[in-house]
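Beneath this line is the structure, given in structure tokens, with notes to follow.
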Amino acid sequence: MTKRRKGRPPANGPVPLSREAFRDEVAGWVSTMKVEPKEVHVRPMSRKWGSCSTTGRVTFDAGLLEQPAEFRRQVIVHELLHLKVPNHGKLFRALLKAYLGTASVTIQKTHGAQAHVH
Ligand SMILES: [Zn+2]
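Our numbering puts the first residue of the sequence shown at 3, with every later residue one more than the last.
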């Protein structure tokens, strides 16, 4: 059933990721970014790819498991970054670029058609 492999990032591709592997990816960014989410949830979300509450709860759309690794990475970093910077201002965009090492997808795309709640 679900194989758990540690220490090796999944290859880019259309193969859906297991929730465990996704959580490992998130955990990797949590330590890289030195953030401390209180809770991380993965569940189907209809209108956005992720959200971050003011209480430190980060939620990701289960549909991300079927997205390309690069897109997933951007959404993960985006949401975790909200634990440091609650808005989409200059600092947020600068840090996002620093972590991703590349220009990121736009906020709109990251959160789907609608902006997420903050
Ligand atoms: Zn955001």
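Yeah, the Cβ is synthetic: ideal placement off N, Cα and C, and Gly gets one too.
Which residues share a DSSP beta bridge with residue i?
i	result
residue 43	61
residue 53	61
Is residue i near ligand 1, with its Cβ less than 7 Å from a heavy atom?
i	result
residue 90	yes
residue 2	With the chain covering 3 to 120 only, the question about residue 2 has no answer from this structure.
Can you list, in chain order, the residues of its chain whose CB lies under 6 Å from that of residue i, leaving out five sequence neighbours each side?
i	result
residue 115	No answer about residue 115 holds up, because its pLDDT of 43 lies below 50 and its placement is not dependable.
residue 60	39, 42, 54 and 81
residue 28	42 and 78
Here's a check: name, in chain order, each residue in its chain whose Cβ is nearer than 8 Å to the Cβ of residue i, leaving out the five neighbours to either side.
i	result
residue 58	38, 39, 40, 41 and 85
Keeping to the same chain, check which residues put their C-beta closer than 7 Å to that of residue i; ignore five residues upstream and five downstream.
i	result
residue 32	39 and 82
Cβ contact check for the region 60–69 and the region 23–43: 3 or more pairs under 8 Å: yes
Using 8 Å as the cut-off, can you tell me whether the region 45–54 makes contact with the region 95–102, which would need three or more C-beta pairs spanning the two stretches below that distance? No, because fewer than three Cβ pairs between the region 45–54 and the region 95–102 fall closer than 8 Å, the two stretches do not touch.
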